[in-house]
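Asker: Residue numbers (this note's numbering): 109 to 821.
#1: Straight-line CA distance for residue 707 to residue 410?
#2: Expressed to the nearest angstrom, what Euclidean distance is found between the alpha-carbon atoms of residue 139 and residue 207?
#3: If contacts are defined as beta-carbon pairs under 8 Å, then residue 541 and residue 585 qualify, I think. What distance do you get, rounded to the angstrom?
#4: Looking only at its own chain, which residues have a Cβ that is under 7 Å from the Cβ of residue 549, when we skip the five neighbours before and after it?
#5: Do residue 651 and residue 387 have their C-beta atoms closer together than 7 Å?
#6: For the candidate residues 265, 524, 372 and 377, whose alpha-carbon lies nearest to that of residue 724?
#7: Using the Cβ count rule (16 or more neighbours within 10 Å means buried), how would you classify residue 467?
#8: For residue 520, count neighbouring C-beta atoms within 10 Å of its own C-beta (all shown protein chains included) and say buried if the count is 16 or more, exposed if not.
#9: If you run the structure through DSSP and keep just helix, strand and coil, what is residue 471?
#10: Checking 7 Å against the spacing of the C-beta atoms, do residue 457 and residue 474 come in under that value?
#11: Measuring CB atoms only, is the region 577–592 touching the region 448–462, in the sense that at least three cross pairs come out at less than 8 Å?
#12: Distance check for residue 514 and residue 555, CA to CA, integer angstroms please.
#13: Between residue 390 and residue 432, is the Cβ-Cβ spacing less than 7 Å?
#14: Leaving aside the five residues before and after residue 277 along the sequence, list all residues of the same chain whose C-beta is less than 8 Å from its C-beta, in chain order.
#15: With a threshold of 6 Å on Cβ separation, who are the neighbours of residue 125 within its own chain once the five nearest residues in sequence on each side are excluded?
#16: Quick check: what's the CA-CA separation for residue 610 versus residue 764?
#17: Evaluate residue 127 with the Cβ neighbour count: other Cβ atoms within 10 Å of its Cβ, from every protein chain shown; 16 or more gives buried, anything less gives exposed.
#18: Starting from residue 537, follow the alpha helix (DSSP H) in both directions and report where the run begins and ends.
#19: Check for me: the beta strand (DSSP E) holding residue 294 runs from which residue to which?
#20: Report back the beta-carbon spacing between residue 465 and residue 721 to the nearest angstrom; my notes put them in contact at under 8 Å.
#21: Any idea what DSSP makes of residue 482, helix, strand or coil?
#22: Taking DSSP as the reference, what is the three-state secondary structure of residue 795?
#23: Please name the residue, chosen from 395, 352 and 357, that lies closest to residue 378 on a Cα-to-Cα basis.
#24: Leaving aside the five residues before and after residue 506 along the sequence, list all residues of the same chain whose C-beta is less than 7 Å from its C-beta, in chain order.
#25: Assign residue 369 to one of three DSSP states: helix, strand, or coil.
#26: Check each candidate in 595, 265 and 528 and name the one with the smallest Cα separation from residue 539.
#27: Quickly, what does DSSP pair residue 390 with across the bridge? List them, please.
#28: Between which two residues does the alpha helix (DSSP H) holding residue 502 run?
#29: Report buried or exposed for residue 438, applying the criterion of at least 16 other Cβ atoms within 10 angstroms of its Cβ.
#30: Can you list the beta strand (DSSP E) stretches of 3 or more residues lying completely in the region 257–324, in chain order?
#31: Check the DSSP bridge columns for residue 360 and list the partner residues they point to.
#32: Give the list of continuous alpha helix (DSSP H) stretches no shorter than 4 residues that lie fully inside the region 521–591.
#33: Using 8 Å as the cut-off, can you tell me whether the region 477–494 makes contact with the region 637–646, which would need three or more C-beta pairs spanning the two stretches below that distance?
#34: According to the Cβ coordinates, are residue 333 and residue 326 closer than 7 Å?
#35: Where residue 339 and residue 306 are concerned, what is the direct C-alpha to C-alpha distance, given to the nearest angstrom?
#36: In whole angstroms, give me the CA-to-CA distance for residue 172 and residue 329.
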């Protein structure tokens, strides 16, 4: 076998350099030759360090190739520092050993001699048995790829080059042993990759198909992209950790944002913990900003591992974003005492009426600053839900603003009687409510002709105008729906309340009905409800069930946004209902009441859950109300007296007050026609009806006479 030319030249160089290494340091210690040799040795040390640090293959061969320079520098330094030729001619022996090592060992460091082997004479052709020729592979020849890429190519070729693709590069994920990303290219130029599936990639590398993700490759500088390229991520390690210890973002993607999750198509922005308030916030948004969030709170709770508790978990939607607040304890069970500072309206007629779950103050109005008009009020809720408590703080705010308040209820109770001490007038029956509404309606006519002192001409009411000769009047009608169905005065209450809702704002009169339904069949006409909704901030307390509360809130909103849920009580979920059933244990007791928790509909139609301020009726409410009760002016009272409308409204019905006196016929039976909706004393007419006095039946003869009178027999 002929010695390669490169090996022969290398051996010749070692033979010629050996005498120089031995003689130069002894004859001329300061010769430039020594400096050149030592610099070459330093370069060799640097090359060895870089070769050892590199992760590519062939590091040992590179270290061996740099070794002669380092050893030559060592021989030169040793010869320079010994006396003469050293003991036993050590300098010469080191140089000879260096040349022998280079002559015998170094040629073996060259693993390939391609390009250095001279052409040899072709041997004579001989007959040899035919060998099986392997099928040509479509894999590219060795292009200097790293070890991980070559191993991935080997596995890929063993799998039969799935989808006729080639592994261009394999990149290991940082900190992972098995996770890697493959950059694949179609074997034929210009052909798109088709038919490649996660199952094919997983079979080639021995991982489940669920741990394989395929993605398109974008065009980058220096590299093509498009259908002929594909990227495959193989992540068995990351997926194993994701299943056992997922991050917040991974848990959201896997359990919440999926098509069957609690918020499909959403992305978690961040998770924040407020230890001081004991709440965890999950802020998220829709991946497509044009979509509206569809949040199923129960599913979100199950996906995030939170207890499904309406009293502790809330959602707030704002456009394409939403916020989920998970509290450790029910946030609305906290009591917020009412104070004069909170109830005093500002220059725009706004005051704090409660606080939301996040601790934000909620404001409502005693007049409409933007419309330059009074404000109506609409308060809904079942018994013991907190309506009267809200009346108290709302009346206090109006009184602190210098306004007059009248309160009427269907039945007398302790709280309304206490409120009567701090307001102008208060009564507790349907007759009193009918008289108050009739007087308020008459005040519209009186104020329409009431001259203002600065020019002697009447004007529409303007809140906050010091020139106005009268005060704003707020008429409250508690249990309005019940009163509107009263057999005797219901039609007067309903008609006068509707008229007052439409015309009262021009004359500084606000109407504040309250009850358990905002719908027409219970006393609210569509015109009345629309005026109340547009000129107030409706407040809906617990309506008996979450569905009824949501329906009532949507009935007061121009656009039905998502309405928060008000549970019957704050009862924390304790343990598993299934386990208690298996053990035969009773369910835990109910928690605290949700009285005072309400949904308030803001001006933009958005419904917000709040806890209203608490006015303690067991203490003196004088700290909330002004020192003096606001009254009507003397002029208004005189005008009402002229119309027969200003007196003690607790008196029995006056003759001819609402309908003419019955005309006695020969048989003594009374017949009358009712008149409704007008002024006092049988004022201007309205809807007419008949009123029959039912006879008292105490004997069979009287019963027979009653039957005859009914059938005109």
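Virtual Cβ for every residue (Gly too), placed ideally from N, Cα, C.
Answerer: Quick look at the numbers:
#1: Residue 707 and residue 410: Cα-Cα distance of roughly 26 Å.
#2: Approximately 21 Å between the Cα atoms of the pair.
#3: About 6 Å separates the beta carbons of residue 541 and residue 585, which is inside the 8 Å limit, making them a contact pair.
#4: Cβ within range, chain order: 604, 607 and 608.
#5: Note that the C-beta distance between residue 651 and residue 387 is not below 7 Å.
#6: Measuring from the Cα of residue 724, the nearest candidate turns out to be 524.
#7: Exposed, because fewer than 16 other Cβ atoms sit within 10 Å of the Cβ of residue 467.
#8: By the 10 Å Cβ count, residue 520 comes out exposed.
#9: Correct three-state label for residue 471: strand.
#10: Yes, they are a contact pair.
#11: The region 577–592 vs the region 448–462: no contact.
#12: Cα to Cα, residue 555 sits roughly 17 Å from residue 514.
#13: Inclusion of residue 390 and residue 432 in the CB contact set at 7 Å is warranted, their separation being smaller than that value.
#14: Within the same chain, residue 277 has close Cβ partners 253, 257, 290 and 291.
#15: Within the same chain, no Cβ atom closer than 6 Å to the Cβ of residue 125 is found once the five residues on either side in sequence are excluded.
#16: Here the alpha carbon of residue 610 sits roughly 27 Å from the alpha carbon of residue 764.
#17: When all chains shown are included, residue 127 counts as exposed.
#18: No alpha helix (DSSP H) holds residue 537; DSSP gives it neither H nor E.
#19: Per DSSP, residue 294 belongs to the beta strand (DSSP E) from 288–294.
#20: Contact doesn't hold; Cβ gap of about 15 Å is too wide.
#21: Reduced to three states, the DSSP call for residue 482 is strand.
#22: Low local confidence applies: a pLDDT of 38 at residue 795 is under 50, so the model's placement there is unreliable, with the coordinate-based value given in what follows. DSSP places residue 795 in coil when its eight states are reduced to three.
#23: Out of 395, 352 and 357, the CA that lies nearest to the CA of residue 378 is found in 357.
#24: Contacts found: 474, 513 and 582.
#25: Correct three-state label for residue 369: coil.
#26: A check of alpha carbon separations from residue 539 across 595, 265 and 528 identifies 595 as the nearest.
#27: Answer by DSSP bridge pairing, in chain order: 379 and 432.
#28: For residue 502, the enclosing alpha helix (DSSP H) stretches over residues 495–508.
#29: Classification for residue 438: buried.
#30: As far as the region 257–324 is concerned, its whole beta strand (DSSP E) runs of at least 3 residues are 273–280, 288–294 and 320–323.
#31: BP columns for residue 360 are empty, so no partner.
#32: If we require 4 residues or more, the alpha helix (DSSP H) runs fully inside the region 521–591 come out as 522–527 and 538–556.
#33: Counting Cβ pairs under 8 Å, three or more are found: they touch.
#34: Taking the C-beta atoms as reference points, residue 326 is found nearer than 7 Å to residue 333.
#35: Cα to Cα, the separation comes out at about 11 Å.
#36: About 38 Å.
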